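**Student:** Can you keep this structure in mind? I'll have questions shortly.
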Amino acid sequence: MTDDAAWWRSAVIYQVYIRSFADADGDGTGDVAGLHSRLDHLAELGVDAIWINPWYPSPLNDAGYDVSDYRALDPRFGTLDGAAALIAAAHERGLRVVLDIVPNHTSSEHPWFRDALAGRHRDRYVFRDSGDEPPNDWKAMFGGPAWTRVPDGQWYLHLFDVTQPDLNWQNPEVRADFEETLRFWFDRGVDGFRIDVANSLVKEDGLPDVGERGQHDPGPHPHWDRDEVHDIYREWRRIADSYDPPRVFVAEAWVPEADRFARYLRPDELHTAFNFDFLKAPWLAPALRTSIERTLREHAAVGAPPTWVLSNHDVARHVSRLARDPRARIDSSLDSLLGVPADLELGTRRARAAALLIFALPGGAYVYQGDELGLPEVEDLPEEVLDDPTWQRSGHTERGRDGCRVPIPWAGDAPPFGFGPEGTKPWLPQPAWFSGYTAEREAADPGSMLALYRRALRLRRELPALGDGPLTWLDVPEGALGFAREPGFALLLNLDAEPFAPPAGAEVVLVSGPLTDDGLVPRDTAVWLTNR
Ligand code: NOJ
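Taking my numbering, the leading residue of the sequence shown gets 233, the next gets one more, and so forth.
Now the structure itself:
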């Protein structure tokens, strides 16, 4: 591991959705021992760090984002000793470890909420008297009202599932407890945290109605992006900075206004944030360029490095999104893709080009487990296995996010594809076609997505131009993108232009797909060039 304290400015971070990564004990759920056994895959891939989705004790009503104890592991995932061994083993391989912290809400199984239900310390949560009607018109993210009534007549707030009561961040006890949790894991060698719904936490005094305002609408909102939330992160930053080496944060913050978003990344607050604007941009040159420029501008204003994300555990896998017409009315959810014709070969070609784009852009990048295998979304999971609360809370009208959470295929020709020992029944069923995407198969195929990711990440480490730093746009045909990075690097990406020639004299060091017979860059293809 490099001892560079600014590692996070250029890091490629691999997201481990632990439940679906690798299952050592064969109970169908991924675990720490499974992840430990697959660390070499990640080291060979060439990433700098891993971010592990919540592994804490949880009823798993929202796949672990409903935490009942922040300082332990769910026995299904492992033990504290196992976690310590994993952290040490990751560090030995030069991989840093980032955990996921969920400060907006706990599980309803958390001892605090049980106490609250028994009538004690309700001020750790948001309880209100309000007769037979909920205290306001707020809606839960998974559908239905954001308030539920308890038997003695009070209502409690839950912006997500009914089993995820919102904490009251005006209560100093809540603040102190989270600071203790940060220290608990930092003391155990954890290098940083991803902060779940970092733009929530603080609610407007008086809890006024939200009216017609949507989450992504600009302007003040009673429970998103309140100014006071920044005080919390300033305190967290002081704690992270008190460690040697300093620990880091990445914010999950869906904040639509660039200047509001950038406030989370001021030098005394959080280090980085996921770039969802880019994730949502359609595969069209003007849209991508606008998103990239906006990203660079807003981050430069606060001196923070951008991050580039194609997929995560909340969106449909990008191979499947890119398989659709970029002008179709789709967003990042599986539900928006269903019924829109898909060409997976095209989606894969574009995903290869997209990978070369994100690894060449300034700053850091995220790889969601399975991206490196080019896994498509599983769009047709049987309804009876759907586990995402969205499915229940939408009254079975939205399938939700399970299609990107299907356990990873590692090897072999039939389920469980090496996810667990022979005979393991994965918690979500793997389709037969996963046999075409196993890590084993792709490792043996120089034309695979895995081979491309490995080559790109190796080159990214070798080429001093890549990672943090500026870019200069190049003059390229309409429908294409091109930029230079110093010293001596350029990326060309043809989305929708006639095939065009790379500049004379430049050396092609990596391509996402074949060039034409005349050496031109065809559609849906990216090229890395050096000029040394
Ligand atoms: C964002 C997480 O990524 C998502 O999976 C979760 O459902 C919500 N936050 C609620 O914690």
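Just so you know, even glycine gets a beta-carbon here, dropped at the ideal spot from N, CA and C. Just so it is clear, the structure is predicted and the values come from calculations on it, not from any experiment.
From Asp-749, Thr-670, Leu-747 and Glu-739, pick the residue whose C-alpha is nearest to that of Asn-763; which is it?
**Tutor:** When each option's Cα is compared against that of Asn-763, the closest is Glu-739.
**Student:** Give me the residue from Ser-340, Asp-398, Ile-284 and Asp-272 with the minimum Cα distance to Glu-324.
**Tutor:** Closest option to Glu-324, Cα to Cα, is Asp-272.
**Student:** Measure the alpha-carbon distance for Val-422 versus Ala-430 and round it to whole angstroms.
**Tutor:** Taking the straight line from one Cα to the other gives about 19 Å.
**Student:** Let me know if Val-487 comes out buried or exposed under the rule of 16 or more other beta-carbons within 10 Å of its beta-carbon.
**Tutor:** It is buried - the Cβ of Val-487 has at least 16 other Cβ atoms within 10 Å.
**Student:** Just tell me which of Leu-389, Ala-712 and Met-373 has its CA closest to the CA of Glu-365.
**Tutor:** Ranking Leu-389, Ala-712 and Met-373 by Cα distance to Glu-365 puts Leu-389 first.
**Student:** Can you tell me whether Lys-657 is buried or exposed, with buried defined as 16 or more other CB within 10 angstroms of its CB?
**Tutor:** By the 10 Å Cβ count, Lys-657 comes out exposed.
**Student:** Can you find a heavy atom of ligand 1 that lies under 7 Å from the Cβ of Tyr-297?
**Tutor:** Yes, ligand 1 has a heavy atom inside 7 Å of this Cβ.
**Student:** Cα-Cα, which of Phe-481, Trp-456 and Ala-585 is closest to Trp-468?
**Tutor:** Considering only alpha carbons, the answer is Phe-481.
**Student:** Pick from Pro-614, Leu-713, Asp-369 and Glu-501: whose alpha carbon is nearest that of Ile-590?
**Tutor:** For the residues Pro-614, Leu-713, Asp-369 and Glu-501, the minimum Cα distance to Ile-590 belongs to Leu-713.
**Student:** Using beta-carbon positions only, say whether Arg-765 and Trp-283 come within less than 8 Å of one another.
**Tutor:** With the chain running from 233 to 764 in the structure shown, residue 765 is simply not present.
**Student:** How would you write the range of the beta strand (DSSP E) that Val-741 sits in, first residue to last?
**Tutor:** Start and end: 739-743.
**Student:** Measure the alpha-carbon distance for Tyr-302 versus Leu-399 and round it to whole angstroms.
**Tutor:** When rounded, the distance between both Cα atoms is 14 Å.
**Student:** Taking 7 Å as the cut-off, is the beta-carbon of His-342 closer than that to any non-hydrogen atom of ligand 1?
**Tutor:** Checking the Cβ of His-342 against ligand 1 gives no.
**Student:** Does the structure place the region 516-532 close enough to the region 578-585 that three or more beta carbon pairs sit under 8 Å?
**Tutor:** Touching, no.
**Student:** Exposed or buried, Pro-702, counting other C-beta atoms within 10 Å across all chains shown (16 or more means buried)?
**Tutor:** Exposed: under 16 other Cβ atoms inside 10 Å.
**Student:** Please state whether the Cβ-Cβ distance between Asp-563 and Glu-484 is less than 8 Å.
**Tutor:** No, the Cβ-Cβ distance between Asp-563 and Glu-484 is not below 8 Å.
**Student:** Quick check: what's the CA-CA separation for Arg-559 versus Ala-348?
**Tutor:** Going from the Cα of Arg-559 to the Cα of Ala-348 covers about 49 Å.
**Student:** At which residues does the beta strand (DSSP E) containing Gly-596 begin and terminate?
**Tutor:** Taken as a continuous stretch (DSSP letters only), the beta strand (DSSP E) holding Gly-596 covers 596-600.
**Student:** Shorter than 7 Å, the distance from the beta carbon of Asp-546 to the closest heavy atom of ligand 1, or not?
**Tutor:** Yes, since a heavy atom of ligand 1 falls inside the 7 Å radius drawn around the Cβ of Asp-546.
**Student:** DSSP has Pro-377 in a bridge; who is on the other side?
**Tutor:** Paired residues: Lys-371.
**Student:** What did DSSP end up calling Tyr-249 once you bin it into helix, strand or coil?
**Tutor:** If DSSP states are grouped into helix, strand and coil, Tyr-249 belongs with coil.
**Student:** Alpha carbon to alpha carbon, how far is Ala-683 from Ala-676?
**Tutor:** If you take the alpha carbons of Ala-683 and Ala-676, they lie about 9 Å apart.
**Student:** With 16 other CB atoms within 10 Å as the buried threshold, where does Glu-577 fall?
**Tutor:** Classification for Glu-577: exposed.
**Student:** Is Glu-609 buried or exposed, if buried means 16 or more other CB atoms sit within 10 Å of its CB?
**Tutor:** That one is buried.
**Student:** I'd like to confirm the pairing. Which residues does DSSP put opposite Trp-705 in its beta bridges?
**Tutor:** BP columns for Trp-705 point to Phe-715.
**Student:** Would you mind stating whether Gly-579 and Val-617 have Cβ atoms separated by less than 8 Å?
**Tutor:** Against a cut-off of 8 Å, the Cβ pair of Val-617 and Gly-579 comes out as no contact.
**Student:** Taking Cβ positions, are Pro-754 and Pro-735 nearer each other than 8 Å?
**Tutor:** Taking 8 Å as the Cβ cut-off, Pro-754 and Pro-735 do not qualify as a contacting pair.
**Student:** I need the DSSP call for Thr-504, collapsed to helix, strand or coil.
**Tutor:** Note: Thr-504 maps to strand in three-state DSSP.
**Student:** With 16 other CB atoms within 10 Å as the buried threshold, where does Asp-476 fall?
**Tutor:** Burial call: exposed.
**Student:** Could you tell me the alpha carbon to alpha carbon distance between Glu-276 and Arg-556, rounded to whole angstroms?
**Tutor:** Cα to Cα, Glu-276 sits roughly 32 Å from Arg-556.
**Student:** Looking only at its chain, what residues have a beta carbon closer than 6 Å to the beta carbon of Gly-262, apart from the 5 residues adjacent to it on each side?
**Tutor:** So the list reads Ile-250, Arg-251, Ser-252, Phe-253, Ala-254 and Asp-255, once near-sequence residues are dropped.
**Student:** From the DSSP output, read off the bridge partner residues of Trp-387.
**Tutor:** DSSP lists Arg-360 and Arg-381 as partners of Trp-387.
**Student:** On the three-state DSSP scale, how would you describe His-337?
**Tutor:** Three-state result, His-337: strand.
**Student:** What's the call for Glu-694, buried or exposed, on a 16-neighbour Cβ count within 10 Å?
**Tutor:** It is exposed - the Cβ of Glu-694 has fewer than 16 other Cβ atoms within 10 Å.
**Student:** Looking at Val-299: is its Cβ nearer than 8 Å to the Cβ of Ser-340?
**Tutor:** No, these two residues do not count as a Cβ contact at 8 Å.
**Student:** Whole alpha helix (DSSP H) runs in the region 611-651 with 4 or more residues, listed along the chain?
**Tutor:** With a minimum length of 4 residues, the continuous alpha helix (DSSP H) runs that stay inside the region 611-651 are 621-625.
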